[in-house]
């Protein structure tokens with residue numbers, strides 16, 4: 009949340025005298041869009057089969073609905089990352105990991121974004137790594153460095169080694185930027201006594217149980 013001047017919105021002062029910032033929420037917009045599209049297509053196809061199908065087709069279509077829809081919801085609409093002053097909450101497809109900042113060992117972005125805590129590794133589904141985006145960011149960074157070197161050469165009458173102060177947003181992949189922000193929050197808030205506690209992992213049974221029941225129903229309908 010930001011003010012009209014673009015600065016982060018500050019709420020009441022937190023213990024220790026520092027301002028309390030609004031929670032940060034990260035999720036993959038392309039993932040959400042693809043999930044909505046898939047659900048819309050599935051609703052159309054399954055609805056048509058249920059209404060106009062003959063024989064076992066309507067029953068198979070209805071039984072297939074949770075088997076298809078629930079995993080799509082789990083992998084596209086559900087993943088999100090919530091970060092406040094006390095903890096990091098990673099909502100993955102089938103489970104939610106709640107980690108107080110003091111228990112965060114590291115966050116790193118390789119081929120995927122990973123959270124390291126208490127000797128365990130958790131994937132962060134809501135922040136996917138795009139190698140194409142990284143290549144594009146590298147091209148922007150190289151271009152900025154070349155332009156900087158050209159300007160320096162014009163000013164001083166000679167070419168200089170390309171040095172770029174800071175990194176504009178286009179020169180960093182989104183996943184790398186998010187990882188850096190969360191790592192900085194872990195380092196800043198990890199010393200707060202309110203940010204201590206155990207890691208809590210909860211399975212998303214409200215998605216898992218209906219999906220398994222739907223699979224069992226689908227197998228039964230097909231086998232009968």
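Residue numbers (my numbering): 9 to 232.
Just so it is clear, CB atoms sit at the ideal spot from N, CA and C, and this is done for glycine as well.
Quick one, are the C-beta atoms of residue 99 and residue 134 less than 8 angstroms apart?
-> yes
Problem - Test item: CB-CB of residue 39 and residue 87 under 8 angstroms - result: yes
Query raised in the report: How many Å lie between residue 3 and residue 138 at the Cα?
Result: Within the shown structure, residues of the chain are numbered from 9 to 232, placing residue 3 beyond reach of any answer.
#### Entry: 8 angstroms Cβ shell around residue 103 - same chain, five flanking residues per side excluded
209, 210, 211, 212
For residue 109, is the classification buried or exposed, using 16 other Cβ atoms within 10 angstroms of its Cβ as the cut-off for buried?
buried
Checklist entry - Any beta-carbon of chain B closer than 8 angstroms to the one on residue 122? => result Looking for chain B here will not work: only one protein chain is present.
Exercise for review: Answer with buried or exposed for residue 95, where buried requires no fewer than 16 other C-beta atoms within 10 angstroms of its C-beta.
Suggested key: buried
* residue 99 in three-state terms, based on DSSP -> strand
query = With residue 124 and residue 194 assumed to form a contact (beta carbons below 8 angstroms), what rounded beta-carbon distance in angstroms separates them?
reply = In fact, because the Cβ distance is near 10 angstroms, the residues do not count as touching under 8 angstroms.
Using only CA atoms, which one of 190, 79, 73, 144 lies nearest to residue 33? 190
query = Helix, strand or coil for residue 140 per DSSP?
reply = helix
Discussion item. Does residue 37 pass the burial test, meaning 16 or more other C-beta atoms within 10 Å, or should it be called exposed?
Written reply: exposed
*asked:* Whole angstroms are fine: how far does the CA of residue 192 sit from the CA of residue 31?
replied: 15 angstroms
* To do: Output the boundary residues of the beta strand (DSSP E) element that contains residue 114.
  => 114-117
Using the three-state DSSP reduction, which class does residue 109 fall into: helix, strand or coil? helix
Inter-residue Cα distance where the pair is residue 106 and residue 60
46 angstroms
| query | Ends of the beta strand (DSSP E) at residue 94? | reply | No beta strand (DSSP E) contains residue 94, which DSSP labels as neither H nor E.
- Task: On a CA-only basis, which of 64, 78, 63 is nearest residue 51? Give me that one, please.
- Result: 78
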